[in-house]
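Undergrad: First the structure, then my questions, so here it is.
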Amino acid sequence: MKRRNFLASLGVTAIGMPFLKSAMAQQLISFSAMGRVVVVGGGMAGTTAAKFLRLWGGTGVDVTLVEPNSIYYSSIFSNMVLTGERSLSQLAYNYNALSSKYGVKVQNFSVTNIDPVAKMVTLSSGTKLPYDRLILAPGIDFEPLTWSGGTQLQKDKIVHAWKAGVQTTSLKEQISSMTSKDTFIITIPPVPYRCPPGPYERACVVADYLKRIKGGGKVIILDANAGIQAEKDNFNVAFNVTHKGIITYVPNARLTSIDAGSMTVLTSAGSFKGKVINAIPIHKAGNLINEANIGLNNAGGGKWAGVNVLSYESTNPSLAGIHIIGDSSFTTQPKAGHLANAEAKICADAIIQVLKGGPINQTPITNSACYTPITKTTASWLSAVYRYDSGSKTMIPTGSGVTESNGANSHNHEDMLKWFNNLMSDTFS
Amino acid sequence: MLLMIFMASCKNEPILGETDKYVLNTDTSLSLKAASINLPGRSLAANCFQCHGTNGYAGELKIAGQSASGIIRELEGSKAKDPRANIMNVHARAYTTEEIKAIADYISKQ
Chain A
0 MKRRNFLASL
10 GVTAIGMPFL
20 KSAMAQQLIS
30 FSAMGRVVVV
40 GGGMAGTTAA
50 KFLRLWGGTG
60 VDVTLVEPNS
70 IYYSSIFSNM
80 VLTGERSLSQ
90 LAYNYNALSS
100 KYGVKVQNFS
110 VTNIDPVAKM
120 VTLSSGTKLP
130 YDRLILAPGI
140 DFEPLTWSGG
150 TQLQKDKIVH
160 AWKAGVQTTS
170 LKEQISSMTS
180 KDTFIITIPP
190 VPYRCPPGPY
200 ERACVVADYL
210 KRIKGGGKVI
220 ILDANAGIQA
230 EKDNFNVAFN
240 VTHKGIITYV
250 PNARLTSIDA
260 GSMTVLTSAG
270 SFKGKVINAI
280 PIHKAGNLIN
290 EANIGLNNAG
300 GGKWAGVNVL
310 SYESTNPSLA
320 GIHIIGDSSF
330 TTQPKAGHLA
340 NAEAKICADA
350 IIQVLKGGPI
360 NQTPITNSAC
370 YTPITKTTAS
380 WLSAVYRYDS
390 GSKTMIPTGS
400 GVTESNGANS
410 HNHEDMLKWF
420 NNLMSDTFS
Chain B
0 MLLMIFMASC
10 KNEPILGETD
20 KYVLNTDTSL
30 SLKAASINLP
40 GRSLAANCFQ
50 CHGTNGYAGE
60 LKIAGQSASG
70 IIRELEGSKA
80 KDPRANIMNV
90 HARAYTTEEI
100 KAIADYISKQ
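Residue numbers (numbering that gives the first Met the number 0), protein chains in the order written: chain A, 0 to 428; chain B, 0 to 109.
Have a look at this one:
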């Protein structure tokens, strides 16, 4: 951080403080980071960033987390809410530790304006928050579905449940009303979408539930993509062996429209009827990225935020000081909670270095681990470590590359519970 | 408040010591007291935190305070093993010997 900016962050100017010697300021600056950081979005990425800015940056970094909801429901593990293995309240997290343990200021409002020139965020409360660095972590939003029939009431029953919350409860109720003669349809959008193994995992746990609780049923996976997008070997076994006779996997099934009256899904691979339709729409960055109207959405067909993965600062040169982490950013890494946590730490570290006037890490490494329940008692996993490649300026899988477990078993299921608790704790506690 | 401390520290040498005191004294959180410790392996070790807890302090799978030599032995030994058999084999393979040393040094000092 330059001396001028450092003084500005203290609310004073060098004029009138003749005793303030540059050397003194330099020494102080070299010790501790000083500055104001506003973090927007209290999911896996934003919460981790806010926590680690304080943990690593110290009390000189003034951190405000802006998140309209006071409770965060974890999307990780929410597939198990659908089957009754978990309750939604067991997936509820709050920001109490963030403020009490780390001194993060929490503002439960939404953002109405970002001024990248004045470096000011305006909240729905009218409060204006000036920042030296702004981190945006608004997650994902969806393109609207196309309808070919049905009343509004019927359309309202077709949910994505791809953000844990009221839709999760709705889908759980619909699944519990199924019989052994009914069909559950899940549609998967084209990549990129949040949690690459997630839709296949959902198909597995719903199939397992139907078999265990209802004595049978059908699950049809309509995948817009040409093949399984994650854990190909494990899901092939799950679809063709473990859940044989229940799961039907249909690749290249791009969603055309849904008739909510006749409960028919029309795709490029034919039409399918089901009792329950779980349509996961095409994704885009969280609405803030597109609606802020300042040029954040400069990647991935204008739907995602382009970032420099050394710091997650926007690649739009007019947005200096604005960083985008988590699922809204357009990188070579998967859109997933564990990875969002890792991105947040790289971003927090880079911002602290910038505020201290030091160099940022030129060799960042992130990692992703994801445990996947295949049945009520077994799980598989997928993991990768990403290393910065200075040639392509992207994060590239290193070591053994993107690796899936050698099958699903009960040991992995036990590890999955530890992984989840520790990941949530590293983020929220 | 900050300004007053800053001014005070300018009058009283050494600056760094005074500032250090300020940061520690006004902070009620044990966690934040460690804020100034930036060992080289911190950013790398942070990749352990998701499964092993912040700074290695997890209820289960705790690694904080383990000996550096033990961590190095375990990770280096995992590099040759089938990555699909154990998730730690995937992670061990991703880091150079030098990086593993830095991670082990950081975790052992927590």
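Here a beta-carbon is modelled for each residue, glycine too, at the ideal position from N, C-alpha and C.
Strictly below 8 Å CB to CB, what residues from chain A border P82/B?
TA: G398, S399 and T402
Undergrad: Hey, is L31/B's beta-carbon within less than 8 Å of any beta-carbon in chain A?
TA: Confidence is the limiting factor: at L31/B the pLDDT is only 44, short of 50, which leaves the residue's position unreliable and the question unanswerable from this model.
Undergrad: Three or more C-beta pairs under 8 Å: does that hold for the stretch 171–181 of chain A against the stretch 73–92 of chain A?
TA: yes
Undergrad: Is the CB of S42/B under 8 Å away from at least one CB in chain A?
TA: yes
Undergrad: Name the residue from G398/A, V60/A, S267/A and Y370/A whose alpha carbon lies nearest to the alpha carbon of F419/A.
TA: Comparing Cα positions, the closest option is Y370/A.
Undergrad: Please list the residues of the stretch 50–67 of chain B that have a C-beta atom closer than 8 Å to any C-beta atom in chain D, keeping them in chain order.
TA: Absent from the structure is chain D; the protein chains it does hold are A and B.
Undergrad: Who are S322/A's beta bridge partners in DSSP?
TA: Here the sequence assigns His to residue 322/A, which means Ser is not the residue at that position. Here H322/A is bridged, per DSSP, to I134/A and E312/A.
Undergrad: Roughly how many angstroms lie between the CA atoms of A163/A and S68/B, to the nearest whole one?
TA: Roughly 42 Å between the two C-alpha positions.
Undergrad: What do you reckon, are the CB atoms on G34/A and R193/A nearer than 8 Å?
TA: Against a cut-off of 8 Å, the Cβ pair of R193/A and G34/A comes out as no contact.
Undergrad: On a Cα-Cα basis, can you pick out the residue from Y92/A, S327/A and T111/A that is closest to Y71/A?
TA: Y92/A
Undergrad: Please return the same chain residues whose Cβ sits closer than 8 Å to the Cβ of R253/A, not counting the five positions on each side in sequence.
TA: P189, A223, T266, S267 and A268
Undergrad: Identify each residue in the stretch 368–398 of chain A for which the Cβ-Cβ distance to at least one residue of chain B is less than 8 Å, and report them in chain order.
TA: A368, W380, S382, A383, V384, R386, T397 and G398
Undergrad: For P198/A, report the span of its alpha helix (DSSP H) as first-last.
TA: G197 to Y208
Undergrad: In this structure, does DSSP put L54/A in helix, strand or coil?
TA: The answer is helix: DSSP assigns L54/A an H, G or I state.
Undergrad: For F183/A and S176/A, I'd like the C-alpha separation in whole angstroms.
TA: Going by C-alpha positions, F183/A is about 11 Å away from S176/A.
Undergrad: Going by C-alpha distance, which of D232/A, I227/A, Y385/A and N408/A is nearest P372/A?
TA: N408/A
Undergrad: Taking K334/A as the reference, which of Q361/A, S74/A and A32/A has the closest Cα?
TA: S74/A
Undergrad: Is W161/A close to chain B? Criterion is C-beta to C-beta, closer than 8 Å.
TA: For W161/A, no Cβ of chain B is located within less than 8 Å of the residue's own Cβ.
Undergrad: Would you kindly check if the distance between the Cβ of T145/A and the Cβ of Q106/A is under 8 Å?
TA: No.
Undergrad: Under a Cβ-count criterion, where at least 16 other Cβ atoms within 10 Å of its own Cβ denotes burial, should P316/A be classed as buried or exposed?
TA: exposed
Undergrad: Should R92/B be flagged as near chain A, meaning a C-beta pair shorter than 8 Å?
TA: yes
Undergrad: One question on the structure: do T111/A and A343/A come within less than 8 Å of each other, judged by their Cβ atoms?
TA: no
Undergrad: Does any CB atom of chain A fall closer than 8 Å to the CB of I86/B?
TA: yes
Undergrad: List the residues of chain A whose Cβ lies closer than 7 Å to the Cβ of A45/B, in chain order.
TA: K344
Undergrad: Does the count of Cβ pairs from the stretch 191–210 of chain A and the stretch 237–245 of chain A closer than 8 Å reach three?
TA: yes
Undergrad: Using beta carbons (cut-off 8 Å, strictly below), is K417/A in contact with chain B?
TA: yes
Undergrad: Identify which residue in G244/A, A383/A and G102/A has its Cα closest to the Cα of Y94/B.
TA: A383/A
Undergrad: Taking all protein chains shown into account, do 16 or more other C-beta atoms lie within 10 angstroms of the C-beta of R72/B, making it buried, or fewer, making it exposed?
TA: exposed
Undergrad: Comparing the C-beta of D326/A with each C-beta of chain B, is any distance below 8 Å?
TA: no
Undergrad: Just tell me which of S109/A, I276/A, L381/A and K243/A has its CA closest to the CA of L287/A.
TA: Among S109/A, I276/A, L381/A and K243/A, the Cα nearest to that of L287/A is on S109/A.
Undergrad: Counting pairs of Cβ atoms below 8 Å between the stretch 284–301 of chain A and the stretch 141–155 of chain A, do you hit three or more?
TA: no
Undergrad: Closer than 9 Å by beta-carbon distance: list the chain B residues that pair up with T365/A, in chain order.
TA: Annotation: Cβ neighbours of T365/A in chain B (cutoff 9 Å, chain order): N46.
Undergrad: Give a yes or no on whether the C-beta atoms belonging to N340/A and T426/A are separated by under 8 Å.
TA: yes
Undergrad: Excluding the 5 residues preceding and the 5 following S124/A in the sequence, name in chain order all residues of the same chain whose CB lies nearer than 6 Å to its CB.
TA: F108
Undergrad: Taking just the CA atoms, how far does P195/A sit from A101/B?
TA: 32 Å
Undergrad: For A347/A versus L309/A, is the C-beta spacing smaller than 8 Å?
TA: no
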